[in-house]
Amino acid sequence: MSLILRRTLSTPSISPSTLSSHSTLPLAVRRRRTLRPPHPSTTPSPLSDPDVLLPPDSNTFVLGRTPKTLPYKLELEFQNRRMKGQFKGDETSARRAFLKGQIAWRSRIRGVKEIKGEYWKGLFEGKDEDDEFPEIGKKTKNTEFPSTDKFLQLQGSVFKPDSLSQSTNTESEVNAAFDSEGIDELEEEGIDTKGPMSEVEEEEFSEWKTEDEHQSSIGEEGAVEIEEKESIDTLQAHRIYLPNIQIRMMRNHTPSGEPYDPFIATFRVPPSMTKTDLRSYLMAVYNLPVTFIRTDLYSAPVTRIWPGKIVKGGGSKKNYKRAIVGLLEPFHYPDDIEELYAQGESAGVGDKWAKGREKWLDENVFKSDSDRYREKVTFKMHKRTKWRNSSDNVGNVQRSISKTRDQREEAVSQAAEQLRLSPPSTDLSVPSST
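Here it is, written out as structure tokens:
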């Protein structure tokens, strides 16, 4: 009964409540946070925590009373938009609108050609677009480097040196005009700009000046006149389909005593790949038409690991599908010398073709050098260069005796077989005397 009561009391009510993530947390998380509350310095992100904008005297959520701030880049973007006239009203409602648009913009579907300003206009329907987004569809003078302006980048504006106006001002004139405009704005707000600055103001001014010089290094071209609405639209995200399959070309299986068939090719493909997929892949990538495709599945051997669990082997023993593809033209591997020897014998030219191919491989891919290096590495890995006595070892002596005995018995058996097949003559006639 107590369990039912606890579940009933913990069920959220149907009446509207204060916006808080605490009401949607599981019971275990709430209990853990109640027993061990997090440190005030480790507060949630304001992009994911709706209580970041609660007033300090709010009692809905304890973390809502901790001081939280936006990341530096988001705070800078918000302040810039705030100074330009966007997100009007009190600080709380402006930040709510900014966070709402930022979250919606980040959670949008990728790969769609959209502009951030136009995307935000759809979120705030019913508001005055000129008040909320006064710069969209208008011409503004960008005195900073356009590629560093995040808002212009998201709107599709592209910085091109060829599009710079020849009648623009120099860098010093632009900086002077920018400083005068900033001073005029401060004087309009009632701030004294002619008196001496305090230490805090001097520090803030130096930081702002350093950041401004870093972002507004535009060279001798000066300011740029950009039409944001009618600017060049760029694709903000492009969907790229990367291959997630592996197709390996294998050597054809040729049984002993049968000739090599150059009109087929063998591939190892994933089990989920169909014949139609393989045909389309060969035609699209290599422009290779095929006559037929035969497939067969190979299952990996089942093994048992230590706890008794049955698993399938991995690596080269994993499940795969073999596909045998018919070709219109014969295909031979470049290093298939034995096949060239056989073809030369059947054509009556001897080893001319094979010798020519070996010479070409040595001159272009250094096949003989690769073979010697492979033998050297194999000898170093297995046989080593250490001297070992091969005569005094008991095992070597026994192997030598067994080898000699086998050779003697083989010679005796061959002689007996010859006697059996060709018995001695039994001519008993007496030679005539002269």
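Residues 1 to 434 in UniProt numbering are what the sequence shown spells out, letter by letter.
No residue lacks a Cβ here, since even glycine has one placed at the ideal position from N, Cα and C.
Excluding the five sequence neighbours on either side, which residues of its own chain have a C-beta within less than 6 Å of the C-beta of PHE292, listed in chain order?
-> Reading the sequence shown from its first residue, position 292 is the one you call residue 292. Within the same chain, PHE292 has close Cβ partners GLY326.
Of all the alpha helix (DSSP H) runs that stay within the bounds of the region 68–98, which reach a length of 4 or more residues?
-> 72–83
Could you check where the beta strand (DSSP E) with MET249 kicks off and where it finishes?
-> As a working mapping, residue 249 is identified with position 249 in the sequence shown. Counting along the chain, the beta strand (DSSP E) containing MET249 begins and ends at 248–250.
For the putative contact between ARG357 and ILE324, defined by C-beta atoms under 8 Å, what is the C-beta separation to the nearest angstrom?
-> Indexing the sequence shown from 1 puts residue 357 at position 357. Indexing the sequence shown from 1 puts residue 324 at position 324. Their Cβ separation, rounded to whole angstroms, is 26 Å, which puts ARG357 and ILE324 out of contact at 8 Å.
Rounded to whole angstroms, what's the CA-CA distance from ARG248 to VAL269? Just pull it up for me.
-> On the sequence shown, position 248 is the one that residue 248 refers to. On the sequence shown, position 269 is the one that residue 269 refers to. One C-alpha to the other measures close to 7 Å.
Assuming LEU340 and TRP353 make a contact with CB atoms under 8 Å, what is their CB distance in whole Å?
-> Within the sequence shown, residue 340 is the residue found at index 340, counting from 1. Within the sequence shown, residue 353 is the residue found at index 353, counting from 1. With 8 Å as the limit, LEU340 and TRP353 qualify as a contact, their Cβ atoms being about 5 Å apart.
Would you mind giving the Cβ-Cβ distance between ASN252 and TYR260, rounded to the nearest angstrom? I have them listed as a contact below 8 Å.
-> For this step, residue 252 is matched to residue 252 along the sequence shown. For this step, residue 260 is matched to residue 260 along the sequence shown. 7 Å between Cβ atoms; contact.
Answer with buried or exposed for GLN86, where buried requires no fewer than 16 other C-beta atoms within 10 angstroms of its C-beta.
-> For the purposes of this step, residue 86 is taken as the residue at position 86 of the sequence shown. Burial call: buried.
How long is the line joining the alpha carbons of TYR286 and THR266, rounded to whole angstroms?
-> Translated into positions along the sequence shown, residue 286 becomes position 286. Translated into positions along the sequence shown, residue 266 becomes position 266. Roughly 15 Å between the two C-alpha positions.
How close, in whole Å, do the beta carbons of THR303 and VAL311 come, if the pair is a contact with beta carbons under 8 Å?
-> Indexing the sequence shown from 1 puts residue 303 at position 303. Indexing the sequence shown from 1 puts residue 311 at position 311. With a Cβ gap of about 6 Å, THR303 and VAL311 count as contacting.
Using the C-alpha atoms, what's the distance from LYS367 back to LYS359?
-> Within the sequence shown, numbered from 1, the residue matching residue 359 stands at position 359. Within the sequence shown, numbered from 1, the residue matching residue 367 stands at position 367. LYS359 and LYS367: Cα-Cα distance of roughly 9 Å.
GLY89 to LEU70 span [Cα, whole Å] | On the sequence shown, position 89 is the one that residue 89 refers to. On the sequence shown, position 70 is the one that residue 70 refers to. Distance between the alpha carbons of GLY89 and LEU70: 19 Å.
To the nearest whole angstrom, what separates the beta carbons of TYR320 and PRO271, a pair I think is in contact under 8 Å?
-> Locating residue 320 in the sequence shown gives position 320, counting from the first residue. Locating residue 271 in the sequence shown gives position 271, counting from the first residue. With 8 Å as the limit, TYR320 and PRO271 qualify as a contact, their Cβ atoms being about 7 Å apart.
Whole-angstrom distance between GLU75 and LEU27, CA atom to CA atom | Indexing the sequence shown from 1 puts residue 27 at position 27. Indexing the sequence shown from 1 puts residue 75 at position 75. C-alpha separation (whole angstroms): 34 Å.
Under 8 Å by Cβ, that's how I've got LYS318 and PRO301 pegged, so tell me the actual separation to the nearest angstrom.
-> For the purposes of this step, residue 318 is taken as residue 318 along the sequence shown, with counting starting at 1. For the purposes of this step, residue 301 is taken as residue 301 along the sequence shown, with counting starting at 1. LYS318 to PRO301, Cβ: 10 Å. No contact.
The alpha helix (DSSP H) spanning ASP362 covers which residue range?
-> Position 362 of the sequence shown, counted from the first residue, corresponds to residue 362. That run of the alpha helix (DSSP H) goes 352–364.
Which residues in the same chain have their Cβ closer than 6 Å to the Cβ of PRO262, if we skip the five residues on either side of it in sequence?
-> To locate residue 262, count along the sequence shown from 1; it is residue 262. Cβ within range, chain order: PRO330, PHE331 and HIS332.
Considering only residues of the same chain and omitting the five flanking positions on each side of PHE78, which have a CB-CB separation below 6 Å?
-> For the purposes of this step, residue 78 is taken as the residue at position 78 of the sequence shown. Contacts found: PHE98.
Every unbroken beta strand (DSSP E) within the region 282–327, with a cutoff of 3 residues, ordered by chain | 290–298, 302–304, 310–312 and 320–327
Count the other CB atoms within 10 Å of the CB of GLY101; is the residue buried (16 or more) or exposed (fewer)?
-> As a first step, residue 101 must be located in the sequence shown, where it is residue number 101. It is buried - the Cβ of GLY101 has at least 16 other Cβ atoms within 10 Å.
Between ARG279 and ASP296, which are expected to be in contact by the criterion C-beta below 8 Å, what is the C-beta distance as a whole number of angstroms?
-> Taking the sequence shown and counting its residues from 1, the one referred to as residue 279 is at position 279. Taking the sequence shown and counting its residues from 1, the one referred to as residue 296 is at position 296. The pair is not a contact, with the Cβ atoms about 17 Å apart (cut-off 8 Å).
List in chain order: all unbroken alpha helix (DSSP H) runs of 4+ residues lying wholly within the region 394–424.
-> 394–421
Quick one: is SER163 buried, meaning 16 or more other Cβ sit within 10 Å of its Cβ, or exposed?
-> Working through the sequence shown from its first residue, we reach residue 163 at position 163. The predicted model places SER163 with a pLDDT of 40, which falls under 50 and marks its position as unreliable, so this point remains unresolved.
Taking just the CA atoms, how far does TYR373 sit from MET381?
-> The residue given as residue 381 occupies position 381 in the sequence shown. The residue given as residue 373 occupies position 373 in the sequence shown. Using only the alpha carbons, I get a separation of about 12 Å.
Under the DSSP definition of a beta bridge, which residues are partnered with ARG268?
-> For the purposes of this step, residue 268 is identified with residue 268 of the sequence shown, where counting begins at 1. Per DSSP, ARG248 and ARG322.
Nearest-angstrom Cα distance between ASP369 and SER400?
-> Here residue 369 is taken as the residue at index 369 of the sequence shown, counted from 1. Here residue 400 is taken as the residue at index 400 of the sequence shown, counted from 1. Each residue's alpha carbon lies about 35 Å from the other.
First through last residue of the alpha helix (DSSP H) which encompasses TYR373 = If you number the sequence shown from 1, residue 373 lands on position 373. It spans 367–382 - the alpha helix (DSSP H) in which TYR373 sits, taken as one unbroken run.
Inter-residue Cα distance where the pair is PRO307 and PRO37 | In the sequence shown, counting from the first residue as 1, residue 307 sits at position 307. In the sequence shown, counting from the first residue as 1, residue 37 sits at position 37. Between PRO307 and PRO37, the C-alpha separation is close to 41 Å.
So, ASP336 versus GLY344, is the Cβ gap smaller than 7 Å?
-> Position 336 of the sequence shown, counted from the start, is the residue given in the question as residue 336. Position 344 of the sequence shown, counted from the start, is the residue given in the question as residue 344. Not in contact: ASP336 and GLY344 (Cβ atoms no closer than 7 Å).
Are there 16 or more other CB atoms within 10 angstroms of the CB of PRO81, so buried, or fewer, so exposed?
-> On the sequence shown, residue 81 is found 81 positions in, with the first residue counted as 1. Here residue 81 turns out to be Arg, not Pro, going by the sequence shown. ARG81 should be labelled buried.
Since ILE337 is in the alpha helix (DSSP H), which residue starts that stretch and which ends it?
-> Residue mapping note: residue 337 aligns to position 337 of the sequence shown, counting from 1. Here the alpha helix (DSSP H) through ILE337 covers 337–347.
Which stretch, first to last residue, makes up the alpha helix (DSSP H) that contains ALA28?
-> Here the question's residue 28 lines up with position 28 in the sequence shown. That run of the alpha helix (DSSP H) goes 27–35.
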